[in-house]
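Quick notes on the structure that follows.
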Amino acid sequence: MGNHSVIVLDFETSGLSPSLGDRVIEVGAVRLEGGRIVERFQGLMNPGFRVSSFIEGYTGISNAMLAEAPPAAEVMRRFAGFIGETPLVAHNASFDRRFLDAELERLRLARSQEMACSMLVARRVYPDAPGHSLEALVRHKRLPTDGVHHRALADAEMTGHLWLRMIADLQAEYRLNAVPFALLQRLSKVSKAAAPAWLRQAATP
DNA sequence: TGCCAGGCCCTCTTTAGGGCCTT
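Using my numbering, the letters of the first sequence correspond one by one to residues 21 to 225.
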């Protein structure tokens, strides 16, 4: 767990909004270090109610599977220990951030680290990609995949490979020695139009 | 009762609307 550790996470949930009562039903995460995946975390969790048939079909996670899973509080407490204060990444992070903070709040815990968005970064690094969904980017960049989609660990692994690929492509294109988390976090907040000039400036020694 | 996500980004924009992206 060195200074350059990053954790890429993905949640499957019962719906789109924690403010409407939706809960996390599965968490998947990978730790990236030295340009590769060095650790994994996966857990199904019981939200305490039945999820819709849409969610069962979308994720392949059935109510029978959730009924046998440990309570969300137990799994999320373990996950909070796993992530510690390591910087976080997610695809469309505003979605996962809302759920993470809502689940931590239930445990009387709070997130302390920054959370970056691979989708906002991808829109700036690959502006001409046919789409910026995780699936479209995996196909476009021919990233490693086992073909599973909409399961937490599989999506976290694909997002991890996307994150590593964007770092490598930026290093090559702008001749950067390193692309730290903080640079990508700042890039995601630069306007799309200003991003190329901003990157050239960032690359100037 | 019926309705309810939310942020980014583009454009025929800013006194707005709609697609993308996440489940």
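Glycine is no exception: its CB is placed at the ideal position from the N, C-alpha and C atoms.
Coarse secondary structure for residue i, derived from DSSP in three states
i, result
"N83", "helix"
"E46", "strand"
"P38", "helix"
"L196", "coil"
"E134", "coil"
"P90", "coil"
"G180", "helix"
"A113", "helix"
"L108", "strand"
Cβ-Cβ distance between residue i and residue j below 9 Å
i, j, result
"F74", "F102", "no"
"T179", "A110", "yes"
"S25", "P107", "yes"
"P67", "S37", "no"
"L203", "A142", "no"
"G63", "F99", "yes"
"A198", "Q191", "yes"
"A172", "S138", "no"
"M85", "Y146", "no"
For residue j and residue i, the rounded distance between their alpha carbons
i, j, result
"S39", "F115", "12 Å"
"A136", "E76", "28 Å"
"D175", "V71", "20 Å"
"R195", "A223", "7 Å"
"V95", "L157", "30 Å"
"R220", "R128", "43 Å"
"V28", "G151", "21 Å"
"Q133", "P200", "15 Å"
"R162", "A213", "26 Å"
"G167", "D148", "24 Å"
"G104", "W218", "31 Å"
"E193", "R159", "21 Å"
"S211", "G54", "29 Å"
"E177", "G41", "27 Å"
"R126", "R117", "14 Å"
"H170", "E59", "20 Å"
Inter-residue CB distance, residue i and residue j (contact presumed, cutoff 8 Å)
i, j, result
"A87", "R43", "About 14 Å; that fails the 8 Å criterion."
"I57", "V47", "Not really, about 16 Å apart at Cβ, beyond 8 Å."
"L124", "R131", "6 Å"
"R144", "A188", "R144 to A188, Cβ: 15 Å. No contact."
"T79", "E32", "5 Å"
"I81", "M65", "Contact flag wrong, Cβ pair sits at about 10 Å."
Going residue by residue through the region 141 to 169, where are the continuous alpha helix (DSSP H) segments of at least 4 residues, counting only ones entirely within it? Counting whole runs of 4 or more residues, the region 141 to 169 contains the alpha helix (DSSP H) stretches 154 to 160.
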